[in-house]
Amino acid sequence: MSETTQNPNTTLYLRNLPDKIHKQELRQQLYFRFQSYGRILDVVALKTDKLRGQAWIVFDVLSAATAAMRAENGSRFYSKPISIQYAKSTSNATKIHKGGAGEMYNDAQKHVQRMTISNASETSLGLKRAREAEELQRKDREAAEAHNIDGADTPNKRARVDT
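With full-length UniProt numbering applied, the sequence shown has no gaps in its numbers, which climb one by one up to 163 at the end.
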């Protein structure tokens, strides 16, 4: 995806980064490399399998992000050509920097509402599965009791037979 397909954003998305270096070192190296373009609010680099080799750099102003993207896109970083484009969404650091915590609070509230609905449906599903498991156990006990007609195999009956 080229830089023109995404809306300009103060957050840059970087990919094709080396995945063999530690997360903290990657964040530091990206910070040192990109700080000359403007004030950096945050560098996000995660090492999960899905996000390995990717990072986000958050600048305080759009002009800094644009200058960094134009200068560094395709340049080599640890012997690999990096791909840079505007991020798809505004970062949390930008929301806090520009609008205070209000916008973050609204986003958090929406997330909590989604999670509450999701958790409720998961809980309901979990309860349903637990009831089904209890029902299967009850049927297994009834079947086992039906096979023990003489009662010699049950502990209470054994105790009476032995005494």
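Built from N, CA and C at the ideal position, the CB exists for glycine as well.
None of the values given here were measured: they were computed from a predicted structure.
In this structure, how does DSSP classify Y13 when only helix, strand and coil are distinguished?
Looking at Y13 - three-state DSSP - the assignment turns out to be strand.
For the segment 79–87 and the segment 3–18, state whether three or more C-beta atom pairs, one from each stretch, are separated by less than 8 Å.
Contact between the segment 79–87 and the segment 3–18 is present, because at least three Cβ pairs lie under 8 Å.
Using alpha carbons as the reference points, say which of R39, R33, V43, G38 lies closest to Q24.
Among R39, R33, V43, G38, the Cα nearest to that of Q24 is on V43.
Beta-carbon separation of R15 and S79 under 7 Å?
Contact flag unset, no.
So I40 and V58 are supposed to be a Cβ contact under 8 Å. How far apart are they, rounded?
About 7 Å separates the two Cβ atoms, so the contact holds.
Note down, in chain order, each residue of its chain lying with its Cβ closer than 6 Å to the Cβ of A64, except the 5 sequence neighbours on either side.
If we look at A64 and ignore the five residues flanking it on each side, its Cβ neighbours are Y37, G38.
Between the alpha carbons of G74 and P81, how many angstroms are there, rounded?
Roughly 5 Å separates the two Cα atoms.
Measure the alpha-carbon distance for A133 versus D140 and round it to whole angstroms.
Each residue's alpha carbon lies about 11 Å from the other.
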